[in-house]
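Chains as they are written, first to last, in my numbering: chain A, 4 to 346; chain B, 4 to 346.
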């Protein structure tokens, strides 16, 4: 299997990307060839610095002369930077030269290029991006956080189906519990969208457990929580920022006092646990679901370990033919729906 | 001036409520009479326990035999519990026997009863609840978090106007900066609602600074951030819960280790600062804006100090004739709008 890695995307590119790619290939005992896409010279530099890893890894390099910056508009970048690493990587998948793409660069660019080159999966009206909301010893998969705005009920039902399949097949949650993000637990609490989605999910074959509220997200028994991308995107960015703001505030106040610095030192172990739970740098990648291909998006600050995890995740999505299952499930659900409509 | 206090609402009722009311009346040097509404005997008990405060306070008691529980449906409660403290308090305002109402009970019940008894302010299509999003040395006023779902552009513009007036007149922010919560800073980023609101706010007389994203909420220079209540409610509940979950996780992990316990002890001062910034118990009340009266809602966990602050806030809203200003501003804005429509 070949997995293309956008070596130029993300804050730690290309170093963490290339190192992560080599680690992954080693872990797969050569079963996976990592195709580094990006600046040839810079990639080779990093490989030299990780020669030991490289010796046991299967990899190749495809040169790409451009990079899409994090703050760049995907729409404009696609026109102006045809040779950007993420676009080249997606084209490789479109041409069947690789089986999946992993990127830690601009999510918008990854989504836009995937839609343009690979297109949507048959039966999917809108692709979505899910993310892991950490619990202390577990997680909930929140979908969509990829800013599908003004979603229709049909879209959220598809997000629920895709999220369930991903969490069961890849994250090993049998019969995932699916919840709907709303402003009250009663089925009549919500907005026009959620009221209708609640009704549709209740009739679906999914393991739907009802509505959850904002204060349930971190404690809910739900394995999958569905929402419109407008809400999901705002929540995700807010959560990451709140964590950082708290951390910075603690650091700043600790620096001001020798006693507090000693205290913080004695609490090192505790802070490590907190960081491990909440810091997005520690996580692997999240899938772009509903695309006619496999695309994993890693956090911009991903470490080599996180990138390696993302590649293993991509391999599993290919191995387990996630997209075939999604298409099949969508068919079943449609059948279901017609029955219930006629009923 | 007379301010009715729902003495039975909230986790610390009636103790913290009554004590807070007495503190407020003392601070106002008898200029404010606090009308405690609730169970006569229980209120008198608490007053006895705070005799020193009571001696210098101006207060009276109106008995109410029922209480709306936090988890009770406001719609049902209004029918089944006509003598609930919050409803009795609102009726007192409707009849002109008090000038404002403060409650730490069910927000839904306070809103529902306010709409039923006091009604909307002339020119306001939908009332809204704003809340303070803490910054380290400041705050942003987020409106609506009161679950006005499926808001129309007109509603958000009204939220912006009401929020601006509240933050300038009561919170002392001259010419408040108003931002719109969306998923991108560019004016073309957002959903149908925010795109239209952005256009309307740009044409308004408000000090509109554009869109902010989820990760800007805690760092934005905006004094007022407007959003639909569905998003605002989910964000607010998520934020409160995330803070609590983090605090609990730290506590639990500290307990496990003597060294960490020593560390936490040495960090006491730092944790106090964090708590002061983030803990909602530390805040006063938030206004129900757009109601034909003055209603301040305090957090269910409010301390006596927080309740006292809420009463002083209510007094200011009455003194400064906030509702008259809102009506006037809405008139101005309408004029504005017609001009721009004809232009």
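Glycine is no exception: its CB is placed at the ideal position from the N, C-alpha and C atoms.
Closest in alpha carbon position to residue 270(B), among 279(A), 255(A), 282(A), 278(A), is 255(A).
About 16 angstroms separates the CB atoms of residue 40(B) and residue 60(B); that is not less than 8 angstroms, and the two are not in contact. By the Cβ test, the region 216-231 of chain A is in contact with the region 180-190 of chain A, since at least three Cβ pairs between them sit closer than 8 angstroms. In this structure, the beta-carbon distance from residue 77(B) to residue 49(B) does not fall below 7 angstroms. Per DSSP, residue 208(B) lies in no alpha helix (DSSP H) segment and is marked neither H nor E. Put simply, of 164(A), 168(A), 174(A) the residue whose alpha carbon is nearest the alpha carbon of residue 205(A) is 164(A). Looking at the backbone, the Cα of residue 114(A) and that of residue 335(A) are separated by about 27 angstroms. Only residues of its own chain outside the window of five on either side were considered, and among them 154 have a CB closer than 6 angstroms to the CB of residue 231(A), listed in chain order. Residue state for residue 121(A) is assigned as coil, using DSSP reduced to three classes.
Pairwise C-beta distances place the region 5-17 of chain B in contact with the region 73-93 of chain B, as three or more of them are shorter than 8 angstroms. Using beta-carbon distances, residue 241(B) counts as an interface residue toward chain A, with a partner under 7 angstroms.
Using a Cβ distance threshold of 7 angstroms, residue 173(B) and residue 319(B) count as a contacting pair. No Cβ of chain A is located within less than 7 angstroms of the beta carbon of residue 214(B). Nearest to residue 142(A) by alpha-carbon distance, out of 226(A), 294(A), 22(A), is 226(A). CA-to-CA, the gap between residue 96(B) and residue 151(B) works out to about 24 angstroms. As the crow flies, the alpha-carbon of residue 63(B) is around 53 angstroms from that of residue 190(B). The C-beta of residue 299(B) comes no closer than 7 angstroms to any C-beta of chain A.
A distance below 6 angstroms between beta-carbons, with the five flanking residues on each side excluded, links residue 314(B) to the following residues of its chain, in chain order: 6, 27, 105. Just measuring C-alpha positions, the residue of 23(A), 118(A), 30(A) sitting nearest residue 81(A) is 118(A). Contact of residue 269(A) with chain B is assigned, a C-beta pair being separated by under 7 angstroms. Shown here, residue 271(B) sits in a helix according to DSSP, grouped into three states. For the options 34(B), 22(B), 127(B), 9(B), the alpha carbon positioned closest to that of residue 321(B) is the one of 34(B).
For residue 206(B), none of the residues of chain A pass the 9 angstroms Cβ criterion, the least Cβ distance being about 23 angstroms. By the Cβ neighbour-count rule, residue 89(B) is buried, with 16 or more other Cβ atoms within 10 Å of its own. For the region 4-18 of chain B, there are no residues whose beta carbon sits under 8 angstroms from a beta carbon of chain A. Each residue's CA atom was taken as its position, placing residue 22(A) and residue 111(B) some 54 angstroms apart. Check the Cα spacing between residue 209(B) and each of 179(B), 195(B), 228(B): the tightest is with 179(B). Looking only at 268(A), 156(A), 122(A), 170(A), the smallest Cα-Cα distance to residue 134(A) is reached by 170(A). Here residue 201(B) has 183, 185, 190, 193, 213, 214 as same chain residues with Cβ atoms under 8 angstroms from its own Cβ, once five neighbours each way along the sequence are excluded. Per DSSP, residue 9(B) is one residue of the beta strand (DSSP E) stretching across 5-9. The C-beta distance from residue 94(A) to residue 120(A) rounds to 6 angstroms, short enough to fall under 8 angstroms. Our two residues, residue 37(A) and residue 325(A), have alpha carbons roughly 20 angstroms apart in a direct line.
Remark: C-beta atoms of residue 175(A) and residue 146(A) do not approach each other more closely than 7 angstroms.
Interface with chain B (7 angstroms Cβ-Cβ cutoff): residue 145(A) is excluded. Put simply, the CB of residue 114(B) is far from chain A, with every gap to its CB atoms at 7 angstroms or more. Contact note: residue 153(B) reaches chain A through 194, 195, using a C-beta cutoff of 7 angstroms and chain order.
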